[in-house]
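To convert, take the position in the sequence shown, counting from 1, and add 20; that gives my numbering.
Where a beta carbon is used, it is the ideal one built from N, C-alpha and C, also for glycine.
No experiment lies behind these values; they were computed from the predicted model shown.
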Amino acid sequence: MGLAAALFHRECRKRLADGISPEAGAEPRYLALPSASTPEKTPSVGPPRLGLAAFWGYFRNEVSEDEQGHLYVLALCYALINNSIFISYSRVQWFAVVLQPVGLVLAQYEPGTGTAYALGTYAILLLQVFLSAASSVYNQHILQANKTSLHASNAVLYAAGVFVNLLCHVVVRIIKTDEPGFFEGYDSIGAVMVVVSNVFIGLAMTSVYKYANAVVKCIATAVSSGLLLYLSTILFGTRLGTMVVPGTIIVAFSSWLYLATPAAATRSSAGPGRDSCKTLGVFVKRYRVPYLAMLTFTTVLVVAFLTLIQTTIPGPSPGNGPSHPAPVTAASPFRNTLAFVRWNSAHPERIPFVMKYEPFFRSIHLSIPDMMPAPVARNMTHDGFNETFLIYREVANVMKMVLAGQPQVDGLMYFHFDGWLDPMRWNSTDRDGILFARTSTDPQGPLFRCMNDISAYDWGGWHSFDRQDRRAVQAVQAVLAMDLGYRVKPDEFCVGWSDIYYVPRRLFADFIVLAETFAAFEVFHEVAIPTFVNIIAQTRPSALAFIDDCWGSCCASNPTIEDVTTTRCGHRLDYLNENVTGVFYDKLDGMARELLVGS
21 MGLAAALFHR ECRKRLADGI SPEAGAEPRY LALPSASTPE KTPSVGPPRL GLAAFWGYFR
81 NEVSEDEQGH LYVLALCYAL INNSIFISYS RVQWFAVVLQ PVGLVLAQYE PGTGTAYALG
141 TYAILLLQVF LSAASSVYNQ HILQANKTSL HASNAVLYAA GVFVNLLCHV VVRIIKTDEP
201 GFFEGYDSIG AVMVVVSNVF IGLAMTSVYK YANAVVKCIA TAVSSGLLLY LSTILFGTRL
261 GTMVVPGTII VAFSSWLYLA TPAAATRSSA GPGRDSCKTL GVFVKRYRVP YLAMLTFTTV
321 LVVAFLTLIQ TTIPGPSPGN GPSHPAPVTA ASPFRNTLAF VRWNSAHPER IPFVMKYEPF
381 FRSIHLSIPD MMPAPVARNM THDGFNETFL IYREVANVMK MVLAGQPQVD GLMYFHFDGW
441 LDPMRWNSTD RDGILFARTS TDPQGPLFRC MNDISAYDWG GWHSFDRQDR RAVQAVQAVL
501 AMDLGYRVKP DEFCVGWSDI YYVPRRLFAD FIVLAETFAA FEVFHEVAIP TFVNIIAQTR
561 PSALAFIDDC WGSCCASNPT IEDVTTTRCG HRLDYLNENV TGVFYDKLDG MARELLVGS
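In structure tokens:
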């Protein structure tokens, strides 16, 4: 808006120099003879000054009230009025218009993956395509139907956009308390440059609307989309799909076909919808204020509605876990955290993938059975612990080493090598207590439950692992007998998914004491960890928060591309499915590069 106003101010200075009155609007009305028609001997007095009042006069008279209303809302009626433009296209151009989106879809299609997103995602994309097409055609009509300055039209359009978006932001902040602030995230030079580039793109597009048409703009956008696929690979190392090359060839060919076969310059000035739209235009002109107010209210209402459902469309439900928006930031929330990554069987070929987390954590500890040669059991980066069901004992051992020699480490994040984490989505999560992932459904289980009788929850593990409830009760009673001040119900035990959790440094000592006690009774980890985490939560204030939006469970498999790109954690990845796994690690690589640039 500011740039458009500056350009219009420059244009007004030229008008003033030529003697054009501010009252002239888009039609010239001279205050005096233009400078080009005066005798050459007329003394030069320098460029005339354009005061604020005169500039405002030019602006008010440049854009009529009718045009201001049109610029305020891009109505659908003029998409019908413009049918004469579409009628004038040649058959070859129509073929090119249809062929181009086919090429765009083909360029991003990956055989064998099925649909990458939920049905709601595609519905929203179709709505966005429809709104973009309608507004482009309407914008073209406004700019070509009037002699108004392009810069003045831009200034009005962007001023209206600022007002409507600010109003939507205020309403969303009221109904959604975790909505980011208006300027949040703009401390990154990358975010600022995106805004700056879009300013110039917007100004360029309005020139295309005025001097060409909306279809040419769409062709330019499609060609740039094809080029960006290759630039993304060159600059950021993303992988190209198998259909990118034929898809981009089709896009390029259809673009050339459209521009190389112009239609005959015949254009009807009348159309079947023109009379009805004129009637609507009279109504809108008469009731402009309530009409625009109604449309503004409807827009804000739709934005608010989409905000409320954005957690389920297109992404999965976030459940009841802590808030976790992913604002643009140059620092990982785990920059002082140790990542403890566990293998239940030796797969050293997966180590390079896991080490892609290294930029986000202070250090990474790899726990792989029989990895460490005797007599060394562990160090700060590796261990060879081979008792899979008692892995929490080794976690406690690593915590001891951290307390003894790593004062900078503020916590430990535990996850399996075939799980996944989006580290930058944890920025707004309070990590002062234990964060414990729990599944909200029971495909393979187990749900997080505390009880004093296994009949309260039908879980196969009770009998598969030698009545773990009895072992857990013995461990609980041993904790009670130690008289360390823990709040313990002597007959209560818990069960739950235990593949992803975070423990802050302040609770390391509690974790160590309780883990060693439960390991002495050989309590299975999916019973032991939930039980002693529950004891800590009952004893220490604010010691436990559940993460309900992690995908999967202990034994879930086959996540989709949408699952690994839209959730902040999950289990488990299928490393044989290179499409899904590759997409996640490509995303992780991209975030690591942004982290490096931001720092």
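Excluding five sequence neighbours on each side, which residues of the same chain lie with their C-beta closer than 8 Å to the C-beta of residue i?
i, result
"Leu500", "Tyr506, Val508, Pro510"
"Asn494", "Strictly speaking, residue 494 in this sequence is Gln, with Asn absent from that position. These residues qualify, in order along the chain: Phe541."
"Pro389", "Trp363, Asn364, Ser365, Ala366, Gly404, Phe405, Asn406, Thr408"
"Leu504", "Val533"
"Ser352", "Pro379, Phe380, Phe381, Pro443, Met444, Leu615"
"Trp446", "His344, Pro353, Phe354, Arg588"
"Thr401", "Ser383, Ile384, His385, Leu386"
Could you give the distance in angstroms between the alpha-carbon of residue i and the alpha-carbon of residue j?
i, j, result
"Val216", "Leu223", "11 Å"
"Gly439", "Thr601", "10 Å"
"Val422", "Val429", "7 Å"
"Met419", "Ser577", "30 Å"
"Arg525", "Phe604", "29 Å"
"Tyr434", "Leu455", "10 Å"
"Ala539", "Val533", "10 Å"
"Met375", "Ile555", "33 Å"
"Glu598", "Ile581", "11 Å"
"Ile548", "Thr537", "It should be pointed out that residue 548 corresponds to Ala in this sequence rather than to Ile. Looking at the two C-alpha atoms, the distance is approximately 10 Å."
"Leu177", "Tyr231", "18 Å"
"Cys188", "Thr586", "24 Å"
"Arg588", "Phe360", "17 Å"
"Phe513", "Ala143", "46 Å"
"Asp609", "Ser173", "42 Å"
"Phe437", "Leu593", "9 Å"
"Phe220", "Thr226", "10 Å"
"Phe317", "Pro310", "10 Å"
"Asp452", "Arg355", "15 Å"
"Val396", "Asn417", "13 Å"
"Gly516", "Phe528", "20 Å"
"Glu414", "Asp569", "27 Å"
"Val553", "Ala492", "13 Å"
"Arg398", "Met391", "9 Å"
"Leu358", "Tyr377", "11 Å"
"Tyr92", "Leu72", "Any answer about Tyr92 is weak, because its pLDDT of 48 lies below 50 and its placement is not dependable; what the coordinates show is given next. In a straight line, the C-alpha of Tyr92 is about 24 Å away from that of Leu72."
Considering residue i, what are the terminal residues of the alpha helix (DSSP H) in which it resides?
i, result
"Ile371", "371-374"
"Pro550", "545-559"
"Tyr412", "411-425"
"Phe538", "528-540"
"Trp479", "No alpha helix (DSSP H) holds Trp479; DSSP gives it neither H nor E."
In chain order, what residues of the same chain lie with their CB nearer than 6 Å to the CB of residue i, ignoring the 5 residues before and after it?
i, result
"Asn218", "none"
"Ala612", "Pro379"
"Tyr521", "Tyr434, Phe456"
"Arg30", "none"
Check for me: the beta strand (DSSP E) holding residue i runs from which residue to which?
i, result
"Ser387", "383-387"
"Thr357", "357-362"
"Val515", "513-515"
Give me, in chain order, the residues of the same chain whose beta-carbon lies closer than 7 Å to that of residue i; leave out the 5 immediate sequence neighbours on both sides.
i, result
"Ile371", "Leu386"
"Phe373", "Tyr605"
"Gln558", "Arg507"
"Lys607", "Thr585"
"Ala563", "Gly453, Ile454, Leu527, Ile556, Ala557"
"Ala346", "Any reading at Ala346 must be qualified, since the residue scores a pLDDT of 44, below 50, and its modelled position is unreliable; the value itself is stated next. Met444, Arg445, Asn447, listed in sequence order."
Which of helix, strand or coil does DSSP assign to residue i?
i, result
"Thr168", "coil"
"Pro368", "helix"
"Asp503", "coil"
"Ser337", "Low confidence applies here, because Ser337 scores a pLDDT of 38, under 50, leaving its location unreliable and the question unanswered by this model."
"Phe150", "helix"
"Met392", "coil"
"Asp606", "helix"
"Asp403", "strand"
"Arg487", "coil"
"Leu596", "coil"
"Tyr231", "helix"
"Gly210", "helix"
"Ser156", "helix"
"Ser448", "coil"
Give the DSSP bridge partners of residue i, in chain order.
i, result
"Gly590", "Trp440, Trp571"
"Arg454", "Note on identity: in this sequence residue 454 is Ile, with Arg being the wrong assignment. Per DSSP, Leu564."
"Met433", "Ala359, Tyr522"
"Arg469", "Val515"
"Arg398", "Asp403"
Under 8 Å, Cβ to Cβ, is there at least one residue of chain B near residue i?
i, result
"Ser156", "This model lacks chain B altogether; it includes just one protein chain."
For a test of your reading of the model: does the CB of residue i fall under 7 Å from any non-hydrogen atom of the ligand FMN? Yes or no.
i, result
"Lys376", "Summarising the ligand content, the structure contains no ligands, and the ligand FMN is consequently not present."
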